[in-house]
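> Okay, so the sequence shown: first residue is 1 according to the UniProt record's numbering, each after it adds one.
From the three backbone atoms N, C-alpha and C, an ideal C-beta is built for every residue, glycine too.
What follows is a single structure, and I will ask about it in a moment.
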Amino acid sequence: FPSYGSFISTLNHKRESGSHSLSSPLLLPAVKQVRELPPICPDVRQKHRISIDVLPPEVKARFVSEPIIPIRTKTAKEFQDDVERATISGDWKQVLDFYLTTFDSFLELNGAFKKEANAPFNTIEDSGINIKFVNIVYDALLHTPADTQKSVLKGIINSLLREWKGFLKCLSVSQNPQYTSPATYVIYAHLLRQIASLAEADHHFLIVKALHKLTKRFKQLVERLQLFITTRLFPAKPDELPPMAKCSWWIPSATKVLSLLNAANSISSPPIIPFTDLYNLTLDHIDFMEDYHTWQAHGNSNRFTFCQFPFILSTVVKKAIIQRDSEQQMISMARQTLVDKVSRRQRVDMSLLFLNIKVRRLQLVSDSLDELSRKRADLKKKLKVTFVGEAGLDMGGLTKEWFLLLIRQIFHTDYGMFTYVKESQCHWFSSWKCDNYSEFRLVGALMGLAVYNSITLDIRFPPCVYKKLLTPPIVPCDLDTPVSMATLTLDDLQQIMPDLAHGLGELLSYEGNVEEDFYTTFQVFQEELGVIKSYNLKPGGEKIPVTNLNRKEYIQLYIDFLLNKSIYRQFAAFYHGFHSVCASNALMLLRPEEVEILVCGSPNLDMGSLQRVVQYEGYSKTDPTIRAFWDVVLAFPLELQKKLLHFTTGSDRVPVCGMADLNFKISKIDVSTDWLPVSHTCFNQICLPPYKSKKELRQKLTIAISNAEGFGLE
């Protein structure tokens, strides 16, 4: 875009000349789209949520900070003595009668006792909550009949909704070690059910006004809810909890409250905690396929499933669901094929159970495209690759080699499909126009096949690619329906073209007269095969000047043109290629970040875990060379550890299921110690000569992994 080269130059010139002041930040909050609150249940057809601006006045109103203190006949010390006596005797009638006849709400109760002179309670002044007294009330309620509990809890909840910080303190109760005991979960479950059953407007008020501002206690609150769900699913002592049949609402209530925390985390910028902290890894051990099938049958109805709340499911579970769902589709297809052949008395060939790809090395891309195009009906089958003219069975190595070679060739800049942006170190789609975009469909299919066959690809796409892949997550039935038209912002452009994003950010914050100083319109220019072409961002754009009033619209339209419209045909082919393999309702469970992890692996390395699962050939873990190897590797900085992984496996990332899925192997090679280590990336194997010292091993290994880029594939 030549016009913006001059645009940024103009900005720099004006900064240097000082004719007008420019703001220094790269991005201003005003640039960001005002995000709608994320839905609690991930139904793409879900109705729009209530905006905080349209909430009724009584919901917005703040409760008076100083409640009217009711008349009481006991001091705090006397009431505490009653509780201690009741704890010993088991007779709680006197305590309950005093509470029920004196106070209408928790707020009144707390307001009365926190003002008590010389009170023996620990008052949290910033929230007005007397934590120790909260615990006493809970102890009392534990011995209350169910009907009384319900009425008392209703009063507590209604009052706590007017004092949000107190509500959150009450929910986490971290200061009470006894309250973390399963024996007290009955009260906690009732509290969660009351919160979960609040009106939708109250949920949004809670998210906006309280939860996303509670940074210090947020993670603690999440962990508390996760522990509650885990303990109910797998209790250490089942006798301590009511039978599951009588408390089937516990887990749905806790999960619904946890979804409020997830929504609050999503609207915070940056998020309060990583989205992975909301995973409950205990759910990796339940029958998640039954949960998934129930969700498919009933959707987001009143029948609870964890798939209604996918933020709680780990990427491992989601990958397994996608794979098993695809396998079931493949088995159904294979069964039908077998039945057809048997009914026709034809010979059954077991190769029909696989996606068999035969390619020539010199025509790798064209052969792969032809094979995948001819065998679209078999894409969900297990992949097996054969190189024409070469002997050997594909036990996984040939498949990985096919992926590595194909990806390297397609993403090479000389091939022209993708451009490499040095500033962001990622690939982006070329905007050239042509009559056939089948090769982009091939790349999408490759990504889908990699997910299905557990291959980690060394691809560097910006995060917005995965947002576009999930827009929508299910391929529309109407082929004319636009796909991959995601709503993207200046933050997304920043991850691809940081210089241009910086220039647009400066335009947004420019304090002078934009129309007179920049003299630009709603028209942009793009070079295609050496020819400069113009495009209007809106009808009549060449005649509409960019002004201080409409510059936000201009920037948003420009971003939409760059990241959506100018590459629509390329990305639509890419989108359909990916979904031709991974078409599944399970994609609705995924976040864009999780799709990236499924395709490219996780960036989080743990070499200690790799050391525990590595395989040896010719060496044992007690050999001096192996001990020296791990001493060196564990002492490497992260950058060198990534280079080692890339040198050995062809990628510097870890599979979704962890290091164990790498099948990493260290082999002995009987050559001179003058040799550098050798790798076989198709088999995730590194071969080490028997080096005599740790110093020599460190030197040779560092040279090998630091200069491996451009070496031939082993």
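Find out if the Cβ-Cβ distance for the pair Leu221, Leu192 is shorter than 9 Å.
no
> List, from N- to C-terminal side, the alpha helix (DSSP H) runs of 4 residues or more that fit wholly inside the stretch 589 to 620.
592 to 600 and 607 to 613
> Find the nearest neighbour of Phe205 within the set Ala263, Lys74 and Lys422, judged by alpha-carbon distance.
Ala263
> State the start and end residues of the unbroken alpha helix (DSSP H) segment that holds Lys700.
Lys694 to Ser706
> What first and last residue would you give for the beta strand (DSSP E) that runs through His680?
It spans Val678 to His680 - the beta strand (DSSP E) in which His680 sits, taken as one unbroken run.
> For His427, which residues does DSSP report across the bridge?
Tyr420
> Which one or two residues does DSSP pair with Thr471 in a beta bridge?
Paired residue(s): none; Thr471 is not in a bridge.
> Which residue comes first and which comes last in the beta strand (DSSP E) that contains Thr386?
Lys382 to Phe387
> Using alpha carbons as the reference points, say which of Tyr510, Thr625, Pro463 and Ser269 lies closest to Lys552.
Tyr510
> Please state the DSSP three-state secondary structure of Ser266.
helix
> Are the Cβ atoms of Leu313 and Leu589 separated by less than 9 Å?
yes
> Distance cutoff 9 Å, beta carbons only. Does Ile686 sit that close to anything in chain E?
Among the chains of the structure shown, chain E does not appear; only one protein chain is present.
> Assuming contact is defined by CB atoms lying nearer than 9 Å, are Pro310 and Lys318 in contact in what I supplied?
yes
> Could you give the residue range of the alpha helix (DSSP H) that holds Gln194?
Tyr185 to Ala196
> Tell me the rounded alpha-carbon separation between Cys464 and Ile286.
32 Å
> What residues in its chain sit with their C-beta under 7 Å from that of Asp606, if we drop five residues either side in the sequence?
So the qualifying residues of the chain are Met659.
> How long is the line joining the alpha carbons of Ser268 and Thr276, rounded to whole angstroms?
15 Å
> DSSP three-state call for Gln346: helix, strand or coil?
coil
> Which term fits Gln570, buried or exposed, when burial requires 16 or more other beta carbons within 10 angstroms of its beta carbon?
Only buried fits Gln570, as 16 or more other CB atoms lie within 10 angstroms of its CB.
> Using a Cβ-Cβ cut-off of 8 Å (strictly less than) and excluding sequence neighbours within five positions of Gln495, which residues of its own chain qualify?
Beyond the five residues adjoining it in sequence on each side, Gln495 comes within less than 8 Å, by CB distance, of Ser424, Cys426, Pro462, Pro463 and Cys464 in the same chain, given in chain order.
> Compare the beta carbon distance of Leu338 and Ile357 with 9 Å and say whether it is the shorter of the two.
no
> Taking its Cβ as the centre, do 16 or more other Cβ atoms sit within 10 Å of Tyr266, making it buried, or is it exposed?
A quick correction: the sequence has Ser, not Tyr, at residue 266. Ser266 is buried by the Cβ-count criterion.
> Excluding sequence positions up to five away, which residues of its chain have a Cβ less than 7 Å from the Cβ of Ile703?
Leu676
> Please go through the same chain and pick out, in chain order, the residues whose beta-carbon is closer than 7 Å to the beta-carbon of Leu442, but skip the five residues on each side of it.
Answer for Leu442: Ser368, Leu369, Leu372 and Gly577, listed in chain order.
> Taking its Cβ as the centre, do 16 or more other Cβ atoms sit within 10 Å of Trp432, making it buried, or is it exposed?
exposed
> In this structure, how does DSSP classify Leu488 when only helix, strand and coil are distinguished?
Note: Leu488 maps to coil in three-state DSSP.
> Would DSSP call Leu688 helix, strand or coil?
strand
> Report all residues from its chain with a CB closer than 8 Å to the CB of Pro476; omit the five preceding and five following residues, and keep chain order.
Val483
> Kindly identify the DSSP beta-bridge partner or partners of Leu241.
For Leu241, which the question treats as bridged, DSSP gives no partner whatsoever.
> Can you give the Cα-Cα distance for Leu227 and Cys657, rounded to whole angstroms?
23 Å
> How far does the alpha helix (DSSP H) with Tyr535 in it extend, from its first residue to its last?
Segment Val531 to Asn536 is the beta strand (DSSP E) holding Tyr535; no alpha helix (DSSP H) there.
> So the alpha helix (DSSP H) Glu527 belongs to, where does it begin and stop?
That residue, Glu527, is in no alpha helix (DSSP H); its beta strand (DSSP E) goes Gln523 to Glu528.
> How would you write the range of the beta strand (DSSP E) that Ser667 sits in, first residue to last?
Lys665 to Lys668
> What whole-angstrom Cβ distance do Gly397 and Cys682 have, given they're in contact under 8 Å?
4 Å
> Between Cys247 and Leu406, what straight-line distance do the alpha-carbon atoms span, to the nearest angstrom?
54 Å
> Report the rounded CA-to-CA distance for Asn280 versus Thr230, giving the unit in angstroms.
8 Å
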